[in-house]
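2 protein chains.
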Amino acid sequence: MPDHTRPPDKRVTIYDVAVEAAVSPSTVSRAFSRPSRVNSETAERIRQVAERLGYRTNPLARALTTSRTQMIALVIADITNPVYAEIVRGAQEAATDGEYTTVLIDAQESDRRERAAVERTMSTVDGIVLASSRMSDSAIRMFAKQRPVVVLNRAIADVPCVVTDNPRGVRRAAEHLGELGHDHITYVAGPQASWPNGIRWRSLLEAGMELEIKVRQIGPFSPTMDGGERAAQELCARPTTAVLAFNDQMAIGIIRGLSRMGVNVPGDVSVVGFDNILAADLVTPGLTTVAAPLYAEGSAATRHLLTMIAGAPGHTGRPMVLPVRLVVRQSTAARNPSPGRARPQWVGQRPASNPAAHLP
Amino acid sequence: MPDHTRPPDKRVTIYDVAVEAAVSPSTVSRAFSRPSRVNSETAERIRQVAERLGYRTNPLARALTTSRTQMIALVIADITNPVYAEIVRGAQEAATDGEYTTVLIDAQESDRRERAAVERTMSTVDGIVLASSRMSDSAIRMFAKQRPVVVLNRAIADVPCVVTDNPRGVRRAAEHLGELGHDHITYVAGPQASWPNGIRWRSLLEAGMELEIKVRQIGPFSPTMDGGERAAQELCARPTTAVLAFNDQMAIGIIRGLSRMGVNVPGDVSVVGFDNILAADLVTPGLTTVAAPLYAEGSAATRHLLTMIAGAPGHTGRPMVLPVRLVVRQSTAARNPSPGRARPQWVGQRPASNPAAHLP
DNA sequence: TTGAAAGCGCTAACAT
DNA sequence: ATGTTAGCGCTTTCAA
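In order, the protein sequence lines correspond to chains A and B.
Residue numbers 0 to 359, in numbering that gives the first Met the number 0, belong to the letters of the first sequence in order.
Residue numbers 0 to 359, in numbering that gives the first Met the number 0, belong to the letters of the second sequence in order.
This is how it looks when you write it as structure tokens:
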């Protein structure tokens, strides 16, 4: 039977080390300061004493005087969405490289929760990466005034931003559908508070103009498989031959919803998504989608944040734009000349996956 | 052009509020202490003054005196693995309810990284939930001596644990396969440092004994789709009719690997996974799998941790066991009497998804 | 290079 | 119910 009483946590302090090493506390402090300002034999001896005593510097106390916690916050819109996993990895790698710890915050697609969480965490971290924030521009600017902030997947004036090339991605998708004979594309919208949602629709509007493809929008729907299934119902009421969905999860939901109602993808309807999540390659038919360099997004945003924390000005001109590419799979096919009637899938006509080249 | 120089961050302190409200600093402190020990009109007035001045209590300074940061750490083995998303949600919900902030740490399937991260974070948090830790028992016990710790998906003596009913899950899977006529099951192992991996294999050994089904093990493989694809190759060299995989991601990899090599699932080989991730319902054929109450795991572990932080003894007797259920989809079928030859899939014979009842 | 002294912003005994 | 005093563990002037 283990004893259930917590030991009174006798912390070894700098003072204990100082006594043991027969130096002043400030000398001990210097031996542990970063960058190690002291390399003398004394410092080395102090470190050994500290090691022996099991001394660990208390980050809270240090932070109180330096106002540097060596932690950054990474806020993501929805941890359930697999896109963020890679972004988190990229961010964490960059943070670890800079000797920073990352505090992950899941906003659960809620403006309110996001604000509350950021407010609570703000004073505990040295900077914040906002990935796909659902907060208002003004709220974000307010936070940016108090701490270094980098925004991901969104462009806000006067705040450093990292975005992917949405216009280009949409354009490529529209071209692809156009080449397949579609003269009409329905955009299935995601959350209205999502910046990419807005720019994707506007980009489609523009691309449609240039390519002489008619476009329309339905939604908004929740950016999940469920949202996609609901969108599928609406699509049935107002048929199209080509769909561009806000993201892959919705696209997958759309494919499943349509299939259940007897509509063949890609026979009757072609579907394109965004993000190239793992599941896009798993569903049947495989999902044609616009892929973004997720890991690079997280890492670029974080690296930039660290330079700002270190005192750099923060790149607030144009946002940093990362390239995208179109990954063609089986969910898109030439337009069905006789819509509404099922037709055989073109087995073998399109490769299982397309190693589409990166953009320049 | 925004000014790039950070304002000197003039923090409003308790002292400023005290002066403005014409009371002593400690009175201000009390007005903000939790639980609010003061409800007098003075306290209300102080809060209004604070509001007006934009005062925010500094959690770092507070933590320095109270040694309570109101933060807990949640360590997960691999953020890329979708099982953890729901666990995180459950944990965060519970933490938020208790006015705690969750610091998420991704161990990236690495013992070393996990230790380093926990060591760095330990002194900053009031407690730790270790979900599927890859660290050694002794390392975990060491941490548990310094901070309240709850372990998820693993049983360690003298440390509070929350686990799912692995033996029961394996047993149900084995029974299911047995009923389908399989007299031989191959277990495809995951990481050796994973506790569920060990217990699943041992449980299968036991179930095989009782049900008179022969069992064997191959692996270990990485608990990812890639790992599953590699396992599929080995499975081809040593054929079976029934496979139980360490988790769903591996199971999906196995199905894809086998399909690519011309082996039909479930015609030639039945495959069962673990976890019931979303993708299990997405692949073709749908994956039969043992489902765990992910959200409940995260929430139960966290709630228990919070009681420990509040001073409760910590339930170190038997681990808390959460029920599982078998979700039957299309990846399992009656044993093929003429192995090696493709045979038609039994369309419509099995429902698309089975609303299997929860265990008692 | 080292030591002494003065806080960082807050809370927790004590008093009153 | 409020004020006074003394720190939490560390860093940082300023002197030596």
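No residue lacks a Cβ here, since even glycine has one placed at the ideal position from N, Cα and C.
As the structure is a prediction and not an experimental result, all values here were calculated from the model.
Local Cβ density within 10 Å of residue i, reported as buried at 16 or more and exposed below that
i                 : result
alanine 300(A)    : buried
proline 236(A)    : For the record, residue 236(A) in the displayed sequence is alanine; it is not proline. When all chains shown are included, alanine 236(A) counts as exposed.
aspartate 96(A)   : exposed
threonine 223(A)  : buried
glycine 380(A)    : No answer is possible for residue 380(A): it lies beyond the span of chain A, which begins at 0 and ends at 359.
glutamate 209(B)  : exposed
glycine 310(B)    : exposed
methionine 70(B)  : buried
alanine 156(A)    : exposed
arginine 328(B)   : buried
threonine 68(A)   : buried
methionine 249(B) : buried
glycine 261(A)    : exposed
glutamine 91(A)   : buried
alanine 21(A)     : exposed
arginine 259(A)   : exposed
proline 195(B)    : buried
arginine 215(B)   : exposed
arginine 119(A)   : buried
tyrosine 14(B)    : exposed
threonine 100(B)  : buried
Contact check, residue i vs residue j, beta carbons under 8 Å
i                 : j                    : result
valine 271(A)     : valine 264(A)        : no
threonine 306(B)  : leucine 59(A)        : no
valine 373(B)     : valine 74(B)         : Shown here, chain B extends from 0 to 359; a query on residue 373(B) therefore has no answer.
valine 320(B)     : aspartate 164(B)     : yes
histidine 181(A)  : isoleucine 212(A)    : yes
leucine 281(A)    : alanine 130(B)       : no
valine 187(A)     : isoleucine 253(A)    : yes
glycine 266(B)    : asparagine 335(B)    : yes
arginine 170(A)   : phenylalanine 245(A) : no
glutamate 98(A)   : alanine 106(A)       : no
leucine 243(B)    : alanine 172(B)       : yes
proline 190(A)    : glutamate 296(A)     : no
arginine 46(B)    : alanine 30(B)        : yes
isoleucine 276(A) : aspartate 247(A)     : yes
leucine 304(B)    : valine 149(B)        : yes
alanine 138(B)    : valine 102(B)        : no
alanine 206(A)    : isoleucine 78(B)     : no
glycine 313(A)    : proline 147(A)       : yes
Limits of the alpha helix (DSSP H) - the one that residue i falls within
i                 : result
alanine 216(B)    : As written in the sequence, residue 216(B) is glutamine, which differs from the alanine given in the question. Unbroken run through glutamine 216(B) is the beta strand (DSSP E), 213-217; no alpha helix (DSSP H).
methionine 208(B) : 194-210
valine 18(B)      : 13-20
histidine 375(B)  : This structure gives no information on residue 375(B), because the portion of chain B shown stretches from 0 to 359.
methionine 141(A) : 136-145
arginine 29(A)    : 24-31
Residue range of the beta strand (DSSP E) that includes residue i
i                : result
aspartate 105(B) : 100-105
glycine 126(B)   : 126-130
threonine 185(B) : 183-187
arginine 324(B)  : 324-326
valine 320(B)    : 319-321
valine 150(A)    : 148-151
Cβ distance (whole Å) where residue i is taken to contact residue j below 8 Å
i                 : j               : result
valine 162(B)     : proline 292(B)  : Rounded, the Cβ-Cβ distance is 12 Å, inconsistent with contact.
alanine 192(A)    : arginine 133(A) : 4 Å
threonine 239(A)  : valine 268(A)   : 7 Å
cysteine 160(A)   : arginine 153(A) : 6 Å
serine 298(B)     : glycine 126(B)  : Serine 298(B) to glycine 126(B), Cβ: 15 Å. No contact.
valine 117(A)     : tyrosine 54(A)  : Wrong, their Cβ atoms sit about 34 Å apart, outside the cutoff.
isoleucine 184(B) : alanine 241(B)  : 5 Å
alanine 332(B)    : leucine 179(B)  : 6 Å
What residue ranges within the stretch 48-113 of chain B form continuous alpha helix (DSSP H) runs of no fewer than 4 residues, ordered along the chain?
Contiguous alpha helix (DSSP H) elements confined to the stretch 48-113 of chain B occur at 58-65 and 82-96, taking only those with 4 or more residues.
Length-filtered (4 minimum) alpha helix (DSSP H) runs lying within the stretch 223-294 of chain A:
224-236 and 247-259
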